[in-house]
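Novice: Positions in the sequence shown are counted from 1; adding 316 to them yields the working numbering. My questions all concern the structure below.
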Amino acid sequence: MPSTSQSPSIADWPENAREAAQLVIDQYGEPDDVTEHLVTWHKAGPWKRIVASRTVHTHNFPAPHMDSVESVIDYQVPVDKVTLLAGFDGSVVVNRTTGEVSARCHDEQANFLALNLMHDIATDAKSVHEAREYYAKEFADYRRKKPTPYMEKLHFAPASGNTADPDVRVLSDEDLERAVQEGKDKGQ
317 MPSTSQSPSI
327 ADWPENAREA
337 AQLVIDQYGE
347 PDDVTEHLVT
357 WHKAGPWKRI
367 VASRTVHTHN
377 FPAPHMDSVE
387 SVIDYQVPVD
397 KVTLLAGFDG
407 SVVVNRTTGE
417 VSARCHDEQA
427 NFLALNLMHD
437 IATDAKSVHE
447 AREYYAKEFA
457 DYRRKKPTPY
467 MEKLHFAPAS
477 GNTADPDVRV
487 LSDEDLERAV
497 QEGKDKGQ
């Protein structure tokens, strides 16, 4: 049920950012952290965190809209799928080092859709092309008041930690010491 009052934490935000953040407040209550530019909820619903920004970003896929609410989950994307996900939707962000994936859109429902399709691509259930087509269909169906199962909830269980990928060391301590020494020698 929409709130009848506006949160003081976003009162001076631009209208489009305020509207998007208020949807999250209506769903999960007042944010846990508030700064001038961001409000954050930790462990709200299925999310590791939700971050709403007073800065909005124009996004034209699948139709022009504004992105300002980011939903984050723990998820380890296979390395060979990261580029595919970038081609799927520029608002889906993979942070391999922290083991997080996020989607940024106007509302939680669109973030459910993007992350469900991210999972389908990461697990080979859909190609990028199929995911983009499905996204457009469900985005339009939502406006048609038709069923939109991928916008209702996550259709997979996000990990609960242990998804970070610190990568592989390629420089030894000796390599680093040698580089420092070479730098000193060039400086003389």
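Built from N, CA and C at the ideal position, the CB exists for glycine as well.
Could you check how far apart the C-beta atoms of TYR391 and THR479 are, in whole angstroms? I think they sit under 8 Å.
Specialist: That pair is a contact at about 6 Å.
Novice: Check whether the Cβ atoms of LEU429 and VAL417 sit closer than 8 Å, and answer yes or no.
Specialist: The answer is no: Cβ separation not under 8 Å.
Novice: Have a look at GLU449 and LYS397 and give me their C-alpha separation to the nearest angstrom.
Specialist: Spanning the two alpha carbons is a distance of roughly 18 Å.
Novice: To the nearest angstrom, how far is it from the Cα of ASP405 to the Cα of TRP357?
Specialist: One C-alpha to the other measures close to 24 Å.
Novice: So SER407 and ALA333 are supposed to be a Cβ contact under 8 Å. How far apart are they, rounded?
Specialist: No, SER407 and ALA333 are not in contact; Cβ-Cβ is about 15 Å, not under 8 Å.
Novice: What residue range is occupied by the uninterrupted beta strand (DSSP E) comprising THR374?
Specialist: 365-375 is the span of the beta strand (DSSP E), which, as asked, contains THR374.
Novice: Note down the Cα distance separating ALA475 from GLN504, rounded to an integer number of angstroms.
Specialist: The alpha-carbon atoms of ALA475 and GLN504 are separated by roughly 52 Å.
Novice: How long is the line joining the alpha carbons of HIS373 and PRO394, rounded to whole angstroms?
Specialist: If I take the Cα positions, the gap works out to 27 Å.
Novice: Looking only at C-alpha atoms, which of GLU498, ASP489, PRO362, SER488 sits nearest to GLU424?
Specialist: The shortest Cα separation from GLU424 among GLU498, ASP489, PRO362, SER488 belongs to PRO362.
Novice: Taking only three categories from DSSP, how would you classify ASP457?
Specialist: Reduced to three states, the DSSP call for ASP457 is helix.
Novice: Measuring straight from C-alpha to C-alpha, what distance separates ASP481 and LYS359?
Specialist: Going by the C-alpha atoms only, they are around 21 Å apart.
Novice: Can you name, in chain order, every residue of its own chain whose Cβ lies under 7 Å from the Cβ of CYS421, other than the five neighbours on each side?
Specialist: The residues are ASP383, VAL385, SER407, ASN427, ALA430.
Novice: For the segment 386-454, list the alpha helix (DSSP H) runs that are entirely contained and at least 4 residues long, ordered along the chain.
Specialist: For the segment 386-454, whole alpha helix (DSSP H) runs of length 4 or above, ordered along the chain, are 398-404, 424-438.
Novice: Find the nearest neighbour of LYS469 within the set VAL367, HIS435, PRO378, judged by alpha-carbon distance.
Specialist: Out of VAL367, HIS435, PRO378, HIS435 has the C-alpha closest to the C-alpha of LYS469.
Novice: Sorted by chain position, which residues of the same chain lie with C-beta nearer than 8 Å to SER319's C-beta, five sequence neighbours on each side aside?
Specialist: With a pLDDT of 48 at SER319, under the threshold of 50, the predicted position of this residue should be treated as unreliable, though the coordinate-derived value follows. Closer than 8 Å at Cβ, skipping near neighbours: GLN338, ILE341, ASP342.
Novice: My understanding is that PHE455 touches ALA379, with C-beta atoms under 8 Å, so please give their C-beta distance in whole angstroms.
Specialist: 7 Å between Cβ atoms; contact.
Novice: Would the beta-carbon of VAL388 fall within 8 Å of that of ARG365?
Specialist: Cβ atoms of VAL388 and ARG365: closer than 8 Å.
Novice: Have a look at PRO465, VAL410, LEU401 and flag the residue whose alpha-carbon is nearest the alpha-carbon of ASP440.
Specialist: Residue LEU401 is the option with its Cα nearest to ASP440.
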